[in-house]
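Residue 142 in UniProt numbering sits at position 142 of the sequence shown, with consecutive numbering throughout. We put the beta carbon where it would ideally sit given N, CA and C, even for glycine. Note that this is a predicted model, so its numbers are computed, not measured. Everything on this sheet refers to the single structure shown next.
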Amino acid sequence: MFNLFSLFKKDKIWDFKGGIHPPEMKLQSSRTPMRIAQLPDEVTIPIHQHLGTPGQLCVKVGDHVLKGQALTRGVGRTLPVHASISGTVTAIEPFPSTHPSGLPEIAVKIVSDGKDEWREKSPLVDYQSQSKEVLLTRIHEAALLD
């Protein structure tokens with residue numbers, strides 16, 4: 001291969017410098033006001049969203065769920081998956097994944113109730129007085145990585 005480099009008078013395979021710099025085209029969006037996205041009629045949320053074992057389902061078909069409500073319970077270091085809208089669970093079954101393979105994976109389908117209602121939030125008022133274990137539990141329940 002080094003003979004080919006010397007034959008073509010090159011010292012590397014790729015010969016462009018600086019990468020690719022497409023035009024920014026910011027004028028198309030910089031003067032457009034931001035809008036709030038409309039509430040979807042339904043969502044399909046895969047329960048396996050990371051490496052490792054998926055969490056245990058804690059909802060069933062027919063349940064009414066609120067936005068932010070856990071759909072799964074984490075096992076070990078597995079984090080829960082939460083509902084992104086309020087509505088009714090209409091299916092828990094394999095759906096095509098967003099992976100390029102399109103292989104099916106278990107997902108929770110929620111039909112919106114149109115209210116976009118959040119679950120009750122219970123913030124820690126004085127987090128500094130809480131133990132490390134309490135804080136880590138709350139962080140994991142919120143599906144935040146430590």
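Query	Result
Rounded separation between D146 and T137 - CA only	Confidence at D146 is low in this model, with a pLDDT of 43, below 50, so the placement of that residue should be treated as unreliable; the coordinate-derived value is given next. About 10 Å.
Per DSSP, the bridge partner or partners of K109	T44 and A91
K26: first and last residue of the uninterrupted alpha helix (DSSP H) it sits in	Note, K26: premise wrong, no alpha helix (DSSP H); not H, not E.
Bridge partner(s) assigned by DSSP for Q56	R73
Presumed contact (8 Å Cβ cut-off) between V65 and S86, rounded CB distance	6 Å
M1 versus S84 - alpha carbon distance	The predicted model places M1 with a pLDDT of 49, which falls under 50 and marks its position as unreliable; any figure quoted below should be read in that light. Roughly 54 Å separates the two Cα atoms.
Identified DSSP bridge partners for H64	T88
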